[in-house]
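Read top to bottom, the protein sequences are chains P and E. For the first sequence, this note's numbering begins at 249 and goes up steadily by one. For the second sequence, this note's numbering begins at 249 and goes up steadily by one.
There are 2 protein chains.
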Amino acid sequence: MPEPAGWTYSRAGVDRGAVSTALAALLAETRYRPPTSHGRVLDLPGHYAGLVRIGRETLAITTDTVGTKTLLAEEVGQWEGVGEDLVQVNVNDLAAVGARPSVLVDCVLCARPDPGVFAQIGEGIGRGLRRGRIALVGGETAVVPDIVRGTDLGGTAVGFFPRGRRPVTGARIRVGDVLLGIPSNGFHANGYTLVRRLLREANVDLTKPRRGGTFPLGEELLRPGRIYVDASEALADRATTHAFAHLSGGGVRNLARLHGGVRFELDTWPDPDPLTEWVRDLGSIAPVELYQTFNTGVGFVAVVAASAVKSSLEALRRAGVRDARRVGSVVRGRGVVLPRETVAYSGYS
Amino acid sequence: MPEPAGWTYSRAGVDRGAVSTALAALLAETRYRPPTSHGRVLDLPGHYAGLVRIGRETLAITTDTVGTKTLLAEEVGQWEGVGEDLVQVNVNDLAAVGARPSVLVDCVLCARPDPGVFAQIGEGIGRGLRRGRIALVGGETAVVPDIVRGTDLGGTAVGFFPRGRRPVTGARIRVGDVLLGIPSNGFHANGYTLVRRLLREANVDLTKPRRGGTFPLGEELLRPGRIYVDASEALADRATTHAFAHLSGGGVRNLARLHGGVRFELDTWPDPDPLTEWVRDLGSIAPVELYQTFNTGVGFVAVVAASAVKSSLEALRRAGVRDARRVGSVVRGRGVVLPRETVAYSGYS
């Protein structure tokens, strides 16, 4: 595929193809499975979490970092948001398989341990724990100035499937299903390598609001991502809930992770939110790049049976999630299409 | 405590006190516990793993990185060892609470994804998985040149307690217990910030063996750490096994994590292994610093009832662990003492 005009993630320094190639090399020799006395792995390659059956329980485990959003936190001097994001990026991946969050460990890598910065990060983590209803039970703090210049915030979360609940994997998706989208609040923790590059190129002042904005741009960009645990918990026990997608890195392409034999048609996908539009215009980002880099205003999608749209929206409302709406449907074909923008993706990567 | 003469970890750039202060600031606001419908956390502060009860299962979760040993891997151009260490550092912490390893996720941070390097890392991870009997079920690969210059290899492991087994926490340690030590094979993944500094100061050629060595020093220093899962599995179900210690960062001080009301007297602790002695001499490292930085030849300790020494050694032998030996005992007092070196530590940190 030729590079689109305008800025791309790859031009900002991250070559997705090279990452995939290297990752495939790493994974080639790691397929070992221990005796089942060590637990039975349920293979779901490419999904949001690993699953293992131990005794009568099925567990989900997922790991993720906040990425380069921490560099913006450093520039602006505000660390609470990215602290909360450390929890967010992980619990939202548990939510995407319908697992109930249980415990988290964090991993902080830094060049020097600044107590003021650490206190802010801890404040944010604490807020994330309460929102995601998960306990921090351990972690690692590595002061490694020879390895990192900035700060890396990562974590690993473990969740489980309460009695009777099955993992929500997308296997039961069928043509005719409806996509319910739940709004995001900004870029969550994705696309910041590109966003930071555009800010630098245009010499943007982070202490002032962008055109049309209310808060200083630095603050707006550091808002922690929304946590979708309530939405997942509201729908995960319903047989008519066929899948969830967390629109993290990869944007709407994440939908293609759920099922390879159908097409996700985003016929009522909302226009991008104002912050995304502002960044799009700043970088002349082409639609094909925009929708595979940012969540564009929808952070979490539930795929439900057509007959269950009304009751699903009602269940979400009862759980306090009042802003879900229909954003598309499942049709024959494969990949993800966004008719309004004439954008189509054949798969996740 | 005044700094000892000779090289110290702190002089090499890592100030343990500053790390503790910052970590305390981070943890201050992260004590939240979710409703027990999300699992019941079993608090074991300062221990090797976090524990949570989910349904009928008790799980252990632990996270750790290989640290600056990766910089040596980069210098020498050999990555398999540190790949295996990614597994080792985590499964050994599970082994230290008597948990059986089940699943692992890895987290690789790098400046650029080199398929050759990634293939070697994967080869090492695969070897570690087989030795630790654990399955890799997910991971994160972050290409973040603005955050890292080198490569960071981290992971998180989840284990469990097979039916009837209780976590081995040290709570049942009593005066008279005996310490059985199992040899390490080098520095595992600890102390490399100091080791690398000493090598640089002395301009040591890594392609040649050290005095008394057989292999090129680079190769010897990159040997992956021994995995103690077999030892833990052999002893964890025995009521006479009161604790395990994994002698990672902090050296023999790790014993003080196990029980605050007794003293661990290392009256038959072996002399340091030849590689440790060589590094000690290179940096004129004082005993008090040596034993709190390196494992000095003993990587894992089991604390067992005096009456069970013979049967424990026999159980280890049956599991293929033939080189365990008595290294000390539990006496009245507190902290850790090494009479031969007149070294004493009052606690873990």
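Glycine included, each C-beta is placed from N, C-alpha and C at the ideal position.
With 16 other Cβ atoms within 10 Å as the buried cut-off, status of residue i
i	result
Val423/E	exposed
Pro602/P	Residue 602/P is absent from the model: chain P starts at 249 and stops at 597.
Arg573/E	exposed
Arg458/P	buried
Asp529/E	exposed
Asp519/P	exposed
Asp425/E	buried
Ser594/P	exposed
Ser496/E	buried
Asp400/E	buried
Pro349/E	buried
Pro472/P	buried
Ser432/E	buried
Glu562/E	exposed
Arg444/P	buried
Phe492/P	buried
Cys560/P	Correcting the residue identity first, residue 560/P is Ser in this sequence and not Cys. Burial call: buried.
Glu449/E	exposed
Ser532/E	exposed
Ser268/E	exposed
Gly364/P	exposed
Ala550/P	buried
Gly434/P	buried
Residues bridged to residue i (per DSSP)
i	result
Ser577/P	Val426/P, Glu513/P
Glu388/E	Cys355/E
His295/E	Bridge partners of His295/E: none, in fact.
Asp400/P	Leu357/P
Glu305/P	Ile302/P
Asp600/E	No statement about residue 600/E is possible, as the shown extent of chain E runs from 249 to 597 and does not include it.
Phe408/E	Leu307/E, Arg348/E
Ala253/E	Answer is none; Ala253/E lacks a bridge partner.
Ala383/P	Val351/P
Residue range of the alpha helix (DSSP H) that includes residue i
i	result
Phe366/E	363 to 380
Leu319/P	317 to 324
Ala270/P	264 to 275
Listed by chain order, chain E residues near residue i by CB distance under 8 Å
i	result
Tyr280/P	Gly374, Leu377, Arg378, Ala383, Leu384
Leu447/P	Within 8 Å Cβ-Cβ: nothing; Leu447/P doesn't reach chain E, min ~13 Å.
Phe408/P	Gly287, Ile302, Gly303
Val353/P	Gly298, Ile309, Thr310, Thr311, Thr404
Beta-carbon neighbours of residue i, restricted to chain P and to distances below 9 Å
i	result
Ser350/E	Pro282, His286, Gly287, Val289, Val300, Ile302, Leu307
Arg397/E	Asp394, Ile395, Val396, Arg397
Thr269/E	Pro361, Pro363, Phe366
Gly261/E	Val391, Pro393, Asp394
Range covered by the beta strand (DSSP E) that runs through residue i
i	result
Leu586/E	583 to 586
Leu290/E	288 to 290
Val591/E	591 to 593
Ala343/E	Unbroken run through Ala343/E is the alpha helix (DSSP H), 328 to 343; no beta strand (DSSP E).
Phe492/P	489 to 494
Under 8 Å by beta carbon: chain P residues contacting residue i
i	result
Asp519/E	Residues of chain P passing the Cβ test: none, with the nearest at roughly 30 Å.
Phe492/E	The contacting residues do not exist; Phe492/E stays about 17 Å from chain P at best.
Glu589/E	Residues of chain P passing the Cβ test: none, with the nearest at roughly 27 Å.
Interface residues of chain P facing residue i [CB-CB closer than 7 Å]
i	result
Gly315/E	Ala390, Val392
Phe512/E	Here the premise fails: no neighbours, minimum Cβ distance about 23 Å.
Gly370/E	Ala273, Leu274, Leu275, Ala276, Glu277, Thr278
Interface partners of residue i on chain E, CB under 9 Å
i	result
Leu334/P	Those within 9 Å of Leu334/P in chain E number zero; the least Cβ separation is about 11 Å.
Leu357/P	Thr313, Leu357, Ile395, Val396, Asp400, Gly402
Residue i: contacting residues in chain E (beta-carbon distance under 7 Å)
i	result
Gly531/P	Those do not exist, as Gly531/P stays about 17 Å from chain E at its closest Cβ, beyond 7 Å.
* Curious, which full-length beta strand (DSSP E) runs of at least 3 residues does the stretch 417 to 476 of chain P contain? -> List check, beta strand (DSSP E) in window: 426 to 431.
* To do: At 3 residues or longer, and completely inside the stretch 505 to 573 of chain P: list those beta strand (DSSP E) runs for me, N to C.
  => 511 to 513, 546 to 552
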